[in-house]
Ligand SMILES: [Zn+2]
Ligand SMILES: [Zn+2]
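Numbering (this note's numbering), first residue to last: 18 to 501.
Here it is as structure tokens:
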């Protein structure tokens, strides 16, 4: 602790001794002064921030780009060990919208200890998270005025591209360990308004994650924001309203649990694609959490859903081609826009597939296909192809001499832009997320059964893209027992 105090003072002296700091250094000195002075900023050991807020449902809302589905966040507590580069966030969030998981409160405990990221389950068991997610948390750690300005004060940090934009002064910061962020301050008060970091999002590609600061309050001579709003590009993902915050109080033990620190970083497993024949020319390609279905026509093949990411979808496409090597796989039906069910659309486009989706998803899919993925190049950025797209408004029949597939729109609480596929020959229904034969919660099954009745579909089998194939009667039973 003593040594860090000394270092902090040394940095301070170096800055103040400099008679005419460069404009970039002056920017940081001004920001530090606005927060209470560089010396005070560098002396902060812990921050404990408590409050409430809102989480949004990025990529999982009712239509693409919507932000109407929120979680009420309560019991929010973020404890930060500033010199130790550790933090732990604990919160409870309650969905304020109907959701297939139900409305039960969700407890989250998430930690970062330098490069080690971990989650703590309700059982108390901590588990290490993948490195990409841990890197995102290290970036998140910097998105606070104290940690950001502290990093910017380090003489080994590079400060570049000082500019003024719309009432803000902005500078790019690259720390000696390579972490980069952009710091914006109010042009007149010099208080930090925003810290932004660049990130990769599987669906959106290159994104900027920013946390904006407002409602500064004086806490023991330091100015600290009482409102923090985080966005991914233009989408708000989280808001925190601080009720109490303290500096240098006991933040608890923020070290990663020993079992986590010594655990190997989990690496993604190669996708497992199993093949189950539903009927002649129809297969369920399962083996993970998100399945696809494959339909054989007389001269081509069609996939239903390109889920999760490149790895999953490319493995599913390879399996489809292996099953019927003599027929081209030409189309993929996108069940709905949710990120987990559209995360492989770019991979499907890179393989030359035409996308069939609900009309309400067309602009979204177009944007997903166009967006740059330079931070982590994916299959489509390595093998660019134009988007070929067909849309469905309410119903589309795809038929030839051997196969008929009726695509229907199924608007509802889960997504307004959703399709299901009915196979009249087999009386089978390929469907996702309105009914899943897993667990005991079947939020939408009752309403969905009513929808099927209105369409006069004689469904005998449900082929779900999560879970196992079940007879129609199972859905009726589940709808009755879950009270939906
Ligand atoms: Zn969904
Ligand atoms: Zn799903």
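Positions of the beta carbon are idealized from the N, C-alpha and C atoms, including for glycine.
If you follow the beta strand (DSSP E) that residue i is part of, which residue opens it and which one closes it?
| i | result |
| --- | --- |
| residue 242 | 239-249 |
| residue 481 | 478-481 |
| residue 463 | That residue, residue 463, is in no beta strand (DSSP E); its alpha helix (DSSP H) goes 462-471. |
| residue 252 | 252-264 |
| residue 299 | 299-303 |
| residue 209 | 209-218 |
| residue 438 | 436-440 |
| residue 307 | Careful: residue 307 lies outside any beta strand (DSSP E) and carries neither H nor E. |
| residue 282 | Careful: residue 282 lies outside any beta strand (DSSP E) and carries neither H nor E. |
| residue 88 | 87-98 |
| residue 320 | 318-321 |
| residue 444 | Where residue 444 is concerned, there is no enclosing beta strand (DSSP E), given that its DSSP letter is neither H nor E. |
| residue 72 | 63-73 |
| residue 110 | 103-112 |
| residue 294 | 291-296 |
Since residue i and residue j should fall inside the 8 Å C-beta cutoff, what is the C-beta to C-beta distance between them, to a whole number of angstroms?
| i | j | result |
| --- | --- | --- |
| residue 295 | residue 304 | At roughly 15 Å, the Cβ-Cβ gap does not stay under 8 Å, so residue 295 and residue 304 are not in contact. |
| residue 440 | residue 425 | Incorrect: roughly 12 Å between the Cβ atoms, too far for contact. |
| residue 236 | residue 263 | 7 Å |
| residue 326 | residue 219 | 5 Å |
| residue 371 | residue 406 | 7 Å |
| residue 362 | residue 351 | 6 Å |
| residue 381 | residue 112 | So it is not a contact: roughly 22 Å between Cβ atoms. |
| residue 357 | residue 307 | 6 Å |
| residue 53 | residue 238 | 5 Å |
Quick one: is residue i buried, meaning 16 or more other Cβ sit within 10 Å of its Cβ, or exposed?
| i | result |
| --- | --- |
| residue 497 | exposed |
| residue 397 | buried |
| residue 483 | buried |
| residue 7 | Only positions 18 to 501 of the chain appear in the structure, and residue 7 is not among them; the question remains open. |
| residue 205 | exposed |
| residue 493 | exposed |
| residue 23 | Legend: pLDDT at residue 23 = 48, less than 50; position of this residue unreliable, value from coordinates given subsequently. Answer is exposed; the Cβ neighbour count stays below 16. |
| residue 157 | buried |
| residue 283 | exposed |
| residue 240 | buried |
| residue 322 | buried |
| residue 401 | exposed |
| residue 387 | exposed |
| residue 234 | exposed |
| residue 124 | exposed |
| residue 128 | buried |
| residue 446 | buried |
| residue 139 | exposed |
| residue 178 | exposed |
| residue 481 | buried |
| residue 309 | buried |
| residue 383 | exposed |
| residue 376 | exposed |
| residue 276 | exposed |
| residue 57 | buried |
| residue 311 | buried |
| residue 20 | Unreliable positioning characterises residue 20 in this predicted model, as indicated by a pLDDT of 48, which lies under 50. A coordinate reading is not provided. |
| residue 488 | exposed |
| residue 471 | exposed |
| residue 121 | exposed |
| residue 209 | buried |
| residue 147 | exposed |
| residue 288 | buried |
| residue 506 | The structure shown has nothing for residue 506, since the chain only spans 18 to 501. |
| residue 18 | Note that residue 18 has pLDDT 39, beneath the 50 cutoff, so the model's placement of it is unreliable and the number below is only indicative. Exposed. |
Could you pull the start and end residues of the alpha helix (DSSP H) that residue i belongs to?
| i | result |
| --- | --- |
| residue 185 | From DSSP, residue 185 is part of no alpha helix (DSSP H) but of the beta strand (DSSP E) over 185-191. |
| residue 116 | Taken as a continuous stretch (DSSP letters only), residue 116 belongs to no alpha helix (DSSP H), as it is neither H nor E. |
| residue 492 | 489-498 |
| residue 398 | 396-399 |
| residue 230 | No alpha helix (DSSP H) holds residue 230; the beta strand (DSSP E) holding it covers 222-236. |
| residue 41 | 40-52 |
| residue 277 | 275-278 |
| residue 58 | 55-60 |
Do you know whose CA, among the options, lies nearest residue i's CA?
| i | options | result |
| --- | --- | --- |
| residue 430 | 53, 79 and 41 | 79 |
| residue 197 | 90, 155 and 277 | 155 |
| residue 256 | 179, 242 and 327 | 242 |
| residue 46 | 478, 142, 112 and 172 | 172 |
| residue 59 | 474, 166 and 391 | 166 |
| residue 102 | 399, 273 and 451 | 273 |
| residue 38 | 199, 161, 176 and 116 | 176 |
| residue 413 | 390, 199 and 427 | 427 |
| residue 159 | 356, 229, 491 and 394 | 229 |
| residue 251 | 465, 84, 478 and 354 | 84 |
Within 6 Å: the Cβ of residue i and any heavy atom of ligand 3?
| i | result |
| --- | --- |
| residue 450 | For the structure depicted, ligand 3 is absent and the ligand set comprises only ligand 1 and ligand 2. |
**Report entry** Every unbroken alpha helix (DSSP H) inside the region 126-201 [4 residues or more]
**Finding:** 148-159 and 162-170
Requested in this report: Could you pull out every unbroken alpha helix (DSSP H) segment of at least 4 residues lying fully inside the region 335-420, listed in chain order?
Outcome: 356-359, 362-367, 379-387 and 396-399
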